[in-house]
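A.B. asks: Below is the structure I would like to discuss, written out as structure tokens.
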Amino acid sequence: MSPPSAHRRRGMVRPYAAAGGNLTPTRSTLDPATLLIADPKVPLTGLGAYPHRLMALCLPGVLSVAEAAVRLELPVAVTMPIASRLVDSGHLVARAPFVPAADRHDRAFLERILDGLRKL
Amino acid sequence: MPAGAEAVKIVVVGPFAVGKTTLVGAVSDIAPLRTEERMTSAGAMVDVLERLGEKDTTTVAMDFGRTALAEDIVLYIFGAPGQPRFAHMVRTLLEGALGGIVMLDERRVHESFDAIDLMETAGLPYTVAVNHFPDTPAHREAELRDALSLTPTTPLVRVDARERTSATRALIALVTHLLSRTPEPTP
Ligand SMILES: Nc1nc2c(ncn2[C@@H]2O[C@H](COP(=O)(O)OP(=O)(O)OP(=O)(O)O)[C@@H](O)[C@H]2O)c(=O)[nH]1
Ligand SMILES: [Mg+2]
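In the order they appear, the protein sequences are chains U and X.
Residue numbers 1 to 120, in this note's numbering, belong to the letters of the first sequence in order.
Residue numbers 1 to 187, in this note's numbering, belong to the letters of the second sequence in order.
Structure below.
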């Protein structure tokens, strides 16, 4: 099978139902391990029920998309477009999981990961 | 978790009942969490719940755990089925991963071939974790490597997926492998 095309990545196939019936494509691609950080300065007025609940979950701290899905009792594939829209609107900042590229910083970071694993 | 935290993702793939959820749970600081994902018959994950009939979709469970590796590094470890019909969904999950763990039960070595193909196709570095079950024929490592056509540098470790220290050895082997591929900084 051919790899998924860019707009199909992250399972974002036609966001619709839980996203509030909004079919506008989103610019943000997310991963289940993407961390969501809420901006407390952006008002929540006008948000639908699920986006509002997602903001309430993220405001106290940092939460991954997958954990947010569990808390919302929604599939990850449904949670991702909800979170993407909140990123587009500035309510959330998304930080993608670390993927190594062959450079100096990455080596140091991989060594920190290894140290952490050895201490488990 | 501080606002500056970074996430890393590792994906565990293997055949039915090989011990994926057990390994995720052993490594995780929290009890494994689970989401139920919908897939089309073509294996694509869907986020449209209301416009697809039940007949067009199947459900697949995605397990994951979370482990703090430092104050500002959090590991998410996902368990995913290795069967070809889930390949589309797993490929989506493999994007953005640091690497993969392929689990293998020595009583049914060939059942892990599909998981290895997934890693190879994705070009993702991986480690094979052979977990020990009772009354298992113990293959020699060379036999297993040959059966799996592993490249000599791909780590193969024996684990007990139920034990945290043992399960973590598979992750340590993976990250050590990643480091060995990453060039030393030039002075
Ligand atoms: N002896 C032994 N048993 C194990 C080990 N790992 C898992 N098991 C047992 O094997 C069974 C299946 O383990 P799971 O972790 O549910 O396997 P899984 O791969 O998540 O299974 P599915 O999600 O159904 O495909 C459970 O009864 C585990 O207790 C191991 O390393 N040694
Ligand atoms: Mg399982």
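Virtual Cβ for every residue (Gly too), placed ideally from N, Cα, C.
(1) Using CA coordinates, which residue listed in X:Ala173, X:Ala122, X:Thr59 and X:Val18 is at the minimum distance from U:Arg118?
(2) Taking U:Ala106 as the query, report the chain X residues whose CB atoms sit under 8 angstroms from its CB, ordered along the chain.
(3) Expressed to the nearest angstrom, what Euclidean distance is found between the alpha-carbon atoms of X:His188 and X:Asp105?
(4) Comparing C-alpha positions only, which one of U:Pro97, U:Pro40 and U:Pro32 sits nearest to U:Ser89?
(5) Would you say U:Asp115 touches ligand 2, meaning its beta carbon is less than 8 angstroms from a heavy atom?
(6) Using a beta-carbon distance below 9 angstroms, is X:Met119 in contact with chain U?
(7) From the DSSP output, in three-state form, read off U:Ser89 for me.
(8) Less than 9 angstroms between CB atoms is the rule here; does X:Pro2 satisfy it with respect to chain B?
(9) If you measure between the beta carbons of U:Leu110 and X:Val175, is that distance less than 9 angstroms?
(10) Between the segment 4-20 of chain X and the segment 146-155 of chain X, are three or more C-beta pairs nearer than 8 angstroms?
(11) Does the segment 64-72 of chain X come into contact with the segment 16-30 of chain X, if we say contact requires no fewer than three beta-carbon pairs (one atom in each stretch) closer than 8 angstroms?
(12) Determine, using beta carbons only, whether X:Gly79 and X:Val24 come nearer to each other than 9 angstroms.
(13) Give a yes or no on whether the minimum CB-CB distance between X:Ala17 and chain U is below 9 angstroms.
(14) For U:Gly21, does the count of other Cβ atoms within 10 angstroms reach 16, so buried, or fall short, so exposed?
(15) Residues of chain X with a CB under 8 angstroms from the CB of U:Leu114: which are they?
(16) What is the rounded straight-line gap between the Cα of U:Ala68 and the Cα of X:Thr59?
(17) Please state whether DSSP places U:Pro75 in a helix, a strand or coil.
(18) Could you tell me how far apart the beta carbons of U:Arg85 and U:Thr34 are, in whole angstroms, since I believe they sit closer than 8 angstroms?
(19) Using the rule of at least 16 other Cβ atoms within 10 Å of the residue's Cβ for burial, across every protein chain shown, is X:Phe191 buried or exposed?
(20) With a threshold of 9 angstroms between beta-carbons, can U:Ala83 be considered close to chain X, or not?
(21) At least one CB of chain X closer than 9 angstroms to the CB of U:Met1: is that the case?
(22) Can you list, in chain order, the stretches of the beta strand (DSSP E) that have 3 or more residues and sit fully within the segment 29-112 of chain X?
(23) For X:Arg66 and chain U, any beta-carbon pair shorter than 9 angstroms?
(24) Note down, in chain order, every chain X residue with its Cβ under 9 angstroms from the Cβ of U:Pro97.
(25) What does U:Val42 touch in chain X if you count any residue whose Cβ is under 7 angstroms from its own?
C.D. replies: Short version:
(1) Counting from 1 along the first sequence, the entry for residue 118 of chain U is found at position 118. Of the listed residues, the one whose Cα sits closest to U:Arg118 is X:Ala173.
(2) Here residue 106 of chain U refers to the residue found at position 106 when the first sequence is read from its first residue. Residue identity differs from the one stated: residue 106 of chain U is Asp in this sequence, not Ala. Chain X residues near U:Asp106: Thr182.
(3) Given that chain X is displayed from residue 1 to residue 187, the structure contains no residue 188 of chain X and the question cannot be resolved.
(4) Counted from its first residue, the first sequence places residue 89 of chain U at position 89. The candidate whose alpha carbon is nearest that of U:Ser89 is U:Pro40.
(5) To locate residue 115 of chain U, count along the first sequence from 1; it is residue 115. No, since every heavy atom of ligand 2 falls outside the 8 angstroms radius drawn around the Cβ of U:Asp115.
(6) On the second sequence, residue 119 of chain X is found 119 positions in, with the first residue counted as 1. With 9 angstroms as the cut-off, X:Met119 does not count as an interface residue toward chain U.
(7) Here residue 89 of chain U refers to the residue found at position 89 when the first sequence is read from its first residue. The answer is coil: DSSP assigns U:Ser89 none of H, G, I, E or B.
(8) Absence of chain B from the displayed structure is noted, the protein chains being U and X.
(9) Taking the first sequence and counting its residues from 1, the one referred to as residue 110 of chain U is at position 110. Taking the second sequence and counting its residues from 1, the one referred to as residue 175 of chain X is at position 175. Yes, Cβ-Cβ distance for U:Leu110 and X:Val175 is below 9 angstroms.
(10) Output reads no: the segment 146-155 of chain X does not touch the segment 4-20 of chain X.
(11) Yes, the segment 64-72 of chain X touches the segment 16-30 of chain X.
(12) Your numbering for residue 79 of chain X matches position 79 in the second sequence. Your numbering for residue 24 of chain X matches position 24 in the second sequence. Yes. Within cutoff.
(13) Residue 17 of chain X sits at position 17 when you count from the first residue of the second sequence. Chain U, which has no Cβ nearer than 9 angstroms to the Cβ of X:Ala17, makes this no.
(14) Taking the first residue of the first sequence as 1, we reach residue 21 of chain U at position 21. Confidence at U:Gly21 is low in this model, with a pLDDT of 45, below 50, so the placement of that residue is unreliable and no value is reported for it.
(15) What you label residue 114 of chain U is simply residue 114 of the first sequence in a count that begins at 1. In chain order: Ile172, Val175, Thr176 and Leu179.
(16) Position 68 of the first sequence, counted from the start, is the residue given in the question as residue 68 of chain U. Position 59 of the second sequence, counted from the start, is the residue given in the question as residue 59 of chain X. Their Cα atoms are separated by approximately 19 angstroms.
(17) If you number the first sequence from 1, residue 75 of chain U lands on position 75. Residue state, collapsed to three classes: coil.
(18) Against the first sequence, residue 85 of chain U aligns to sequence position 85. Against the first sequence, residue 34 of chain U aligns to sequence position 34. Wrong, their Cβ atoms sit about 14 angstroms apart, outside the cutoff.
(19) Here chain X comprises residues numbered 1 to 187, so residue 191 of chain X is not present and cannot be evaluated.
(20) Taking the first residue of the first sequence as 1, we reach residue 83 of chain U at position 83. It does not; no Cβ of chain X falls within 9 angstroms.
(21) Sequence index remark: in the first sequence, residue 1 of chain U carries index 1 (1-based). In this prediction, U:Met1 scores a pLDDT of 37, lower than 50, which makes its location untrustworthy; no coordinate-derived value is stated.
(22) 33-40, 57-70, 73-81 and 99-105
(23) The count along the second sequence starts at 1 and reaches residue 66 of chain X at position 66. At least one chain U Cβ lies under 9 angstroms of X:Arg66.
(24) The count along the first sequence starts at 1 and reaches residue 97 of chain U at position 97. Going along chain X in sequence order, the residues near U:Pro97 (Cβ under 9 angstroms) are Glu6, Ala7, Val8, Lys9, Tyr76, Gly96, Ala97 and Leu98.
(25) For this step, residue 42 of chain U is matched to residue 42 along the first sequence. The contacting residues do not exist; U:Val42 stays about 15 angstroms from chain X at best.
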